[in-house]
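Engineer: Numbering (UniProt numbering), first residue to last: 1 to 121. Idealized CB from N, CA, C, for every residue including glycine. Structure incoming, see below.
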């Protein structure tokens with residue numbers, strides 16, 4: 001998805017590599033960092049059923065197409081019994097989670113919070 005990968009040097013500094021070019025993490029788009037972090041956690045086997053993934057508005061800084069791909073990845077992780085909590089305002093994310101949940105037969109629970117009316121004081 002991100003057409004590259006992140007590597008950590010011995011100083012615990014991450015660099016992004018694309019087309020054999022090193023790119024400083026400060027110069028990488030937030031959306032690519034988000035996918036890169038998830039990719040790194042998956043590749044290093046740091047995501048387990050004993051852990052818990054929490055995403056607060058993961059759609060921020062993501063193109064709608066990437067929002068849908070991100071939702072698909074999360075659903076695939078959930079089929080491996082990874083607990084995931086997502087807070088979103090994106091209809092793309094909600095719909096993608098619902099549809100991919102059905103497709104992959106994942107257990108998906110939604111809690112929809114609606115804006116309540118506030119009385120004038």
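#1: I'd like to check one pair, residue 108 with residue 78: are the Cβ atoms closer than 9 Å?
#2: Count the CB pairs spanning the stretch 83-94 and the stretch 54-67 that are closer than 8 Å, and state whether there are at least three.
#3: Identify the continuous alpha helix (DSSP H) that holds residue 78 and give its terminal residues.
#4: Does DSSP put residue 42 in a helix, in a strand, or in coil?
#5: By the DSSP assignment, the beta strand (DSSP E) with residue 15 in it spans what residues?
#6: Alpha carbons only, please: which of 3, 29, 21 and 82 is nearest the one belonging to residue 45?
#7: Near residue 41, what residues of its chain come up, given a Cβ to Cβ distance below 8 Å and the 5 sequence neighbours on each side ignored?
#8: Checking 9 Å against the spacing of the C-beta atoms, do residue 63 and residue 36 come in under that value?
#9: Who are the near neighbours of residue 68 in its chain, counting only those whose CB is closer than 7 Å to its CB and skipping five residues on each side?
#10: On a Cα-Cα basis, can you pick out the residue from 2, 110 and 51 that is closest to residue 30?
Structural biologist: On the basis of the coordinates in this document:
#1: For the purposes of this step, residue 78 is taken as residue 78 along the chain shown, with counting starting at 1. For the purposes of this step, residue 108 is taken as residue 108 along the chain shown, with counting starting at 1. Cβ atoms of residue 78 and residue 108: closer than 9 Å.
#2: yes
#3: Position 78 of the chain shown, counted from the start, is the residue given in the question as residue 78. Run containing residue 78: 64-78, per the alpha helix (DSSP H) assignment.
#4: By 1-based counting over the chain shown, the position of residue 42 is 42. Helix, per DSSP.
#5: Position 15 of the chain shown, counting from 1, holds the residue named residue 15. Secondary structure note for residue 15: its beta strand (DSSP E) is the uninterrupted segment 14-18.
#6: Locating residue 45 in the chain shown gives position 45, counting from the first residue. Taking only the C-alpha atoms, the option nearest residue 45 is 82.
#7: Counted from its first residue, the chain shown places residue 41 at position 41. Annotation for residue 41: 47 place their beta carbon closer than 8 Å to its own, counting only its chain and skipping 5 residues before and after.
#8: Within the chain shown, the letter at position 63 stands for residue 63. Within the chain shown, the letter at position 36 stands for residue 36. It is not a contact, given that the beta carbons lie outside the stated cut-off.
#9: For the purposes of this step, residue 68 is identified with residue 68 of the chain shown, where counting begins at 1. Counting only residues of its own chain and dropping the five nearest sequence neighbours on each side, residue 68 has a CB closer than 7 Å to the CB of 92 and 96.
#10: Numbered from its first residue, the chain shown carries residue 30 at position 30. Among 2, 110 and 51, the Cα nearest to that of residue 30 belongs to 2.
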